[in-house]
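Chemist:
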Amino acid sequence: MATKVLERKPLTWAEKTYLPQIVHGLKITWKAMFKKPITLQYPEEKPELPMGYRGIPTLVKDPNGREKCVSCQLCEFICPPKAIRITPGEIPADASTAHVEKAPKAFEINMLRCIYCGLCQEVCPEEAIFLQNAFSLSGYSRQELVFQKDKLYELGGTLPDTHHKWDKKKAAAAHPHHH
Amino acid sequence: MSDLKNAPLVTITIDGQELQVPAGMNVIAAAALIGKEIPHYCYHPRLSIVGNCRMCMVELGMVMKDRATGQVILDEAGKPKIGWAPKPAIGCGTQAVNGLHVKTDTQLVKDCQKGVMEFLLVNHPLDCPICDQAGECTLQEFATDYGQGYSRFVEEKNVKPKRTQLGPRVMLDDERCILCARCIRFCKEIAGEDVLGFVDRGSYSTLTCYPGKALTNNYSLNTVDICPVGALTSTDFRFKMRVWFLKKTDSICTESSVGVNTTVWSREGQIYRITPRENGEVNDSWMADSGRALYEKVEAPERLKCPKINGNTVPLPEAIDRACELFDAAQKVAYVASGHMSVEEQFLFKELTHVQPGDIYGVMHVQEADGFLISADSTPNMRGGLAVGLWEDLPQKQLSALGDKIDNGAVTLLVVYNEDLFETGLTEAQLRKVEIIYLGTHRNRTSEYADLVLPTLMAFEKSGSFINQQWRLQTFAQAVPGPTGLLPDICLMEHLRSHLVGEAYVAPTLTGIWGRLSHENALFKGVLFNKIPKTGQLLEAEAFAHHAFLEGKGLHYEPKVTIIPEAVQAS
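Residue numbers (our numbering), protein chains in the order written: chain A, 1301 to 1479; chain B, -18 to 552.
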């Protein structure tokens, strides 16, 4: 590789005294002393998160309290670090949500593996998994950070539903147009 | 359906490409020969043609002939003029004849496909996220390949029953059904139990069983396989796992000596389902329901998972040492081999018996045959035992000769491979009289009496080959790992043999064993394990034709009638 030799200019007399630089630095210091501090006192103070922030993935319920996930396993398929593991299950025929037929028996996300890419949220056909605002996780063991279904629902809570897809389906089944 | 083997060849032209096919060949099958896909739902090569899905629309034309003279009419360029039909026609209802011209990718054909797809999806519930067929659904595939990609349907969709139990193993989702009638035709034509049919009209048509009947046939799950959509699902596999996670492994069904070709679907060492694998020489596209349930035995509670000496779990080396002690102490050994072993295992078992010679017994397992894909012999490889010389004659159901020898003290050590000796007529007193080394996959009454239990692997957990009733050598591959720490059967037997003779143990390989088998055994001459075709290799077994095999007539199997010479009959 070719070497480029740079010519270093000699310091002027003023520079040799270092005084202009010190004065310049003090100016900045004094200015900052009278400004509002921008440092955030984390963890006492929490930052304001922008729209579309990708925190940890969580499972959500619809306004009727129905778990939205139908265990289609698309998130498990798309997940680049393979953090998601689902055991599909059948909703019993006598349950109020029996028309949905399928729900996860077990759903776990390994938060140590998760890279917060948001692909699970993007791929979900039921809008059941969302990366919400929680971002700071800690635990005493690895097992503790493999979140199970109940924990994921607790973190996810309920989100408004605009489609009511399954409610419509149930209503249609109750009043089918007969021939 | 029809036999095309003896049909004369005719020349047809598909999308300008000329090809020679047997006369009468279905146009869909002919197009597939040159890699052209004609999308279809109701057409199935092994079922009759109904032409009710209308998906396989193509344009048809024939070489024009002068009606008066029969002369081919030529155009200006001197080529035969093609008379194209003004309207499209269904490919599945068209058979190859000389001079047939087919267009599969014109704008008209594409418009037809788009239209048919739109109609099929009108009342489709689009519940792919919960549908088991997703990933292997032709409705999904053709909707992306040939559909228009969006829906114009704003009206309310039909609501139909989602969970109709057609039979103990088959569930129907009426909303997903596209009324292709494959299942109906299968029941009528293949299973021979015509229980399904459509009721109601138009978009209210639903599939149902005839009143008072159910889809209980032992071949009912084939309807699930051939269902092009998710309307019929298996109650066993339902909602268990999405198919795109499953690894497919070619295997052979161990249910009977038919040797049905199967695909084992597994994920991370767990088997989820077994489906038939196409083999036109053995099982066509079909398989019995009972054979599909065999995977459940892998996780059965009575599975043997570790070596045991007198009921106490021991490490494998200790168990092998114990086996050597038993062999050294015993002067008179007898062996009970099995038709459940693969050819390679039978060969190595035979090698093992050379160390300390003794009588080798086999056990014949007889079951009720159904004349289709379940034969009377419930072992997959009884003929392998004949081939490698484990038994000279067909094994017996009862081992009374062995019982007598035990009573006489002529046998002091029994090496049993996966057989329950109680079923062969031996008594508890007899088993108590001898030492028993039991090699097997599952606990049974004999293993309870065994001094030493060496667990072996099931066919899903190892590779090898079986010889079926047609003397067809077929290979199966390992689908899932066996229980932790267990050796494949061939390694276990070689381990035992090498210890007994004081040689260093070298793990045997299938290709190594086949190198010896093809060299030493005239029946296997020229057979290379890695070159055995997927559809199996038929062996020349004239030398064994005189045995009175149990198997009766089945699919692709006609028992050879043994003619007993009159002289023998008279005596």
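Glycine residues also receive a C-beta, built at the ideal position from the N, C-alpha and C atoms.
Computed from a predicted model, the values in this text were never measured in an experiment.
Taking the continuous beta strand (DSSP E) assigned at M152 of chain B, which residues delimit it?
Modeler: Position 171 of the second sequence, counted from the start, is the residue given in the question as residue 152 of chain B. Start and end: V151 to L153.
Chemist: Taking the continuous beta strand (DSSP E) assigned at R453 of chain B, which residues delimit it?
Modeler: In the second sequence, residue 453 of chain B corresponds to position 472, counting from 1. It spans R453 to F457 - the beta strand (DSSP E) in which R453 of chain B sits, taken as one unbroken run.
Chemist: Return the Cβ separation of S444 of chain B and L491 of chain B in integer angstroms, given the expectation that the two are a contact with Cβ distance under 8 Å.
Modeler: Here residue 444 of chain B is taken as the residue at index 463 of the second sequence, counted from 1. Here residue 491 of chain B is taken as the residue at index 510 of the second sequence, counted from 1. With a Cβ gap of about 6 Å, S444 of chain B and L491 of chain B count as contacting.
Chemist: Taking only beta-carbon positions, decide if C1379 of chain A is within less than 9 Å of chain B.
Modeler: The residue labelled residue 1379 of chain A in the question sits at position 79 within the first sequence. It does not: the Cβ of C1379 of chain A has no partner Cβ on chain B nearer than 9 Å.
Chemist: State yes or no: is the beta carbon of P1425 of chain A nearer than 9 Å to at least one beta carbon in chain B?
Modeler: Counting from one through the first sequence, the residue named residue 1425 of chain A turns up at place 125. Judged by the 9 Å Cβ criterion, P1425 of chain A is in contact with chain B.
Chemist: Between G250 of chain B and G1389 of chain A, what straight-line distance do the alpha-carbon atoms span, to the nearest angstrom?
Modeler: The residue labelled residue 250 of chain B in the question sits at position 269 within the second sequence. The residue labelled residue 1389 of chain A in the question sits at position 89 within the first sequence. The straight-line gap from Cα to Cα measures roughly 20 Å.
Chemist: To be precise: take each residue of the segment 213 to 226 of chain B, compare its Cβ to all Cβ atoms of chain A, and keep it if any distance is under 9 Å. Which residues remain?
Modeler: Residues R219, F220, K221, M222, R223, W225 and F226.
Chemist: With DSSP as the reference, label C190 of chain B as helix, strand or coil.
Modeler: For the purposes of this step, residue 190 of chain B is taken as the residue at position 209 of the second sequence. Of the three classes helix, strand and coil, the one that applies to C190 of chain B here is strand, per DSSP.
Chemist: Three Cβ pairs or more, each shorter than 8 Å: is that satisfied between the segment 310 to 327 of chain B and the segment 394 to 403 of chain B?
Modeler: The segment 310 to 327 of chain B is in contact with the segment 394 to 403 of chain B.
Chemist: Give a yes or no on whether the minimum CB-CB distance between E1376 of chain A and chain B is below 9 Å.
Modeler: Indexing the first sequence from 1 puts residue 1376 of chain A at position 76. Output row for E1376 of chain A: interface = yes.
Chemist: Could you pull the DSSP bridge partners for V569 of chain B from this structure?
Modeler: Outside the displayed span of chain B (-18 to 552) sits residue 569 of chain B, for which this structure offers no information.
Chemist: From what residue to what residue does the alpha helix (DSSP H) around G406 of chain B run?
Modeler: Indexing the second sequence from 1 puts residue 406 of chain B at position 425. Unbroken run through G406 of chain B: none, as it is neither H nor E.
Chemist: Any C-beta of chain A sitting closer than 9 Å to the C-beta of R144 of chain B?
Modeler: For this step, residue 144 of chain B is matched to residue 163 along the second sequence. So, interface residue.
Chemist: Along chain A, which residues have their Cβ under 7 Å away from the Cβ of P110 of chain B?
Modeler: Locating residue 110 of chain B in the second sequence gives position 129, counting from the first residue. Chain A residues near P110 of chain B: V1370, C1372, P1425 and E1426.
Chemist: Strictly under 9 Å for the Cβ-Cβ distance: is K228 of chain B near chain A by that measure?
Modeler: Indexing the second sequence from 1 puts residue 228 of chain B at position 247. Cβ-Cβ to chain A under 9 Å: no for K228 of chain B.
Chemist: Using 10 angstroms around the beta-carbon of S1441 of chain A, count the other beta-carbons present and answer buried if the total reaches 16, otherwise exposed.
Modeler: Within the first sequence, residue 1441 of chain A is the residue found at index 141, counting from 1. By the 10 Å Cβ count, S1441 of chain A comes out exposed.
Chemist: Grab the span of the alpha helix (DSSP H) containing L333 of chain B for me, first residue to last.
Modeler: Locating residue 333 of chain B in the second sequence gives position 352, where the first residue counts as 1. Element bounds for L333 of chain B: V324 to V336.
Chemist: Just verifying my parser: in three-state terms, what is the DSSP assignment at K185 of chain B?
Modeler: Here residue 185 of chain B refers to the residue found at position 204 of the second sequence. Contrary to the premise, residue 185 of chain B reads as Tyr rather than Lys in this sequence. It is helical.
Chemist: Does P149 of chain B come within less than 9 Å of chain A when only Cβ atoms are used?
Modeler: Numbered from 1 along the second sequence, position 168 holds the residue referred to as residue 149 of chain B. No, P149 of chain B lies away from the interface with chain A (no Cβ there is under 9 Å from its Cβ).
Chemist: Does chain B have any CB closer than 9 Å to the CB of K1402 of chain A?
Modeler: To locate residue 1402 of chain A, count along the first sequence from 1; it is residue 102. Taking Cβ atoms only, chain B reaches closer than 9 Å to K1402 of chain A, which makes this a yes.
Chemist: Please say whether A300 of chain B and K289 of chain B have beta carbons closer to each other than 9 Å?
Modeler: Residue 289 of chain B sits at position 308 when you count from the first residue of the second sequence. Residue 300 of chain B sits at position 319 when you count from the first residue of the second sequence. Going by C-beta atoms, K289 of chain B is nearer than 9 Å to A300 of chain B.
Chemist: From K386 of chain B to K414 of chain B, what distance separates their C-alpha atoms?
Modeler: Within the second sequence, residue 386 of chain B is the residue found at index 405, counting from 1. Within the second sequence, residue 414 of chain B is the residue found at index 433, counting from 1. So the two alpha carbons sit approximately 11 Å from each other.
Chemist: What's the C-alpha gap between G483 of chain B and H335 of chain B?
Modeler: Here residue 483 of chain B is taken as the residue at index 502 of the second sequence, counted from 1. Here residue 335 of chain B is taken as the residue at index 354 of the second sequence, counted from 1. Straight-line Cα distance between these residues: approximately 14 Å.
Chemist: Starting from H82 of chain B, follow the beta strand (DSSP E) in both directions and report where the run begins and ends.
Modeler: Your numbering for residue 82 of chain B matches position 101 in the second sequence. Note, H82 of chain B: beta strand (DSSP E), L81 to K84.
Chemist: On a CA-only basis, which of B:F220, B:M363 and B:S479 is nearest A1403 of chain A? Give me that one, please.
Modeler: Here residue 1403 of chain A corresponds to residue number 103 of the first sequence, with the count starting at 1. Ranking B:F220, B:M363 and B:S479 by Cα distance to A1403 of chain A puts B:F220 first.
Chemist: Grouping DSSP H, G and I as helix and E and B as strand, with all else coil, what is R303 of chain B?
Modeler: As a first step, residue 303 of chain B is located in the second sequence; it is residue number 322 there, counting from the start. Correct three-state label for R303 of chain B: helix.
Chemist: Only counting runs of 4 or more residues, tell me where the alpha helix (DSSP H) segments fall wholly within the segment 1315 to 1367 of chain A, in order along the chain.
Modeler: Listed in chain order, the complete alpha helix (DSSP H) runs (minimum 4 residues) inside the segment 1315 to 1367 of chain A are 1319 to 1333.
Chemist: Alpha carbon to alpha carbon, how far is L520 of chain B from K62 of chain B? Give it in angstroms, no decimals.
Modeler: Within the second sequence, residue 62 of chain B is the residue found at index 81, counting from 1. Within the second sequence, residue 520 of chain B is the residue found at index 539, counting from 1. Going from the Cα of K62 of chain B to the Cα of L520 of chain B covers about 51 Å.
Chemist: Tell me, please, whether the CB atom of A115 of chain B is closer than 9 Å to any CB atom in chain A?
Modeler: Here residue 115 of chain B is taken as the residue at index 134 of the second sequence, counted from 1. Yes - at least one Cβ of chain A is within 9 Å of the one on A115 of chain B.
Chemist: Can you give the beta carbon distance from C37 of chain B to V31 of chain B, rounded, assuming they're within the 8 Å contact cut?
Modeler: Stepping through the second sequence from its first residue, residue 37 of chain B is reached at position 56. Stepping through the second sequence from its first residue, residue 31 of chain B is reached at position 50. Contact doesn't hold; Cβ gap of about 12 Å is too wide.
Chemist: Which value, in whole angstroms, describes the spacing of the CA atoms of N260 of chain B and Q451 of chain B?
Modeler: Here residue 260 of chain B refers to the residue found at position 279 when the second sequence is read from its first residue. Here residue 451 of chain B refers to the residue found at position 470 when the second sequence is read from its first residue. If I take the Cα positions, the gap works out to 13 Å.
Chemist: Tell me A1481 of chain A's beta-bridge partners as DSSP assigns them.
Modeler: The question about residue 1481 of chain A has no answer, for chain A in this structure spans 1301 to 1479.
Chemist: Got a sec? Which residues, its chain only, sit under 6 Å from H528 of chain B by beta carbon, not counting five neighbours each side?
Modeler: If you number the second sequence from 1, residue 528 of chain B lands on position 547. L375, listed in sequence order.
Chemist: Taking DSSP as the reference, what is the three-state secondary structure of E442 of chain B?
Modeler: Residue mapping note: residue 442 of chain B aligns to position 461 of the second sequence, counting from 1. DSSP places E442 of chain B in helix when its eight states are reduced to three.
Chemist: From what residue to what residue does the alpha helix (DSSP H) around D92 of chain B run?
Modeler: Numbered from 1 along the second sequence, position 111 holds the residue referred to as residue 92 of chain B. Here the alpha helix (DSSP H) through D92 of chain B covers Q88 to V103.
Chemist: Just to confirm before moving on: does the CB-CB distance between S237 of chain B and S359 of chain B stay below 9 Å?
Modeler: Residue numbering aside, residue 237 of chain B sits at position 256 when the second sequence is read from its first letter. Residue numbering aside, residue 359 of chain B sits at position 378 when the second sequence is read from its first letter. Contact: yes.
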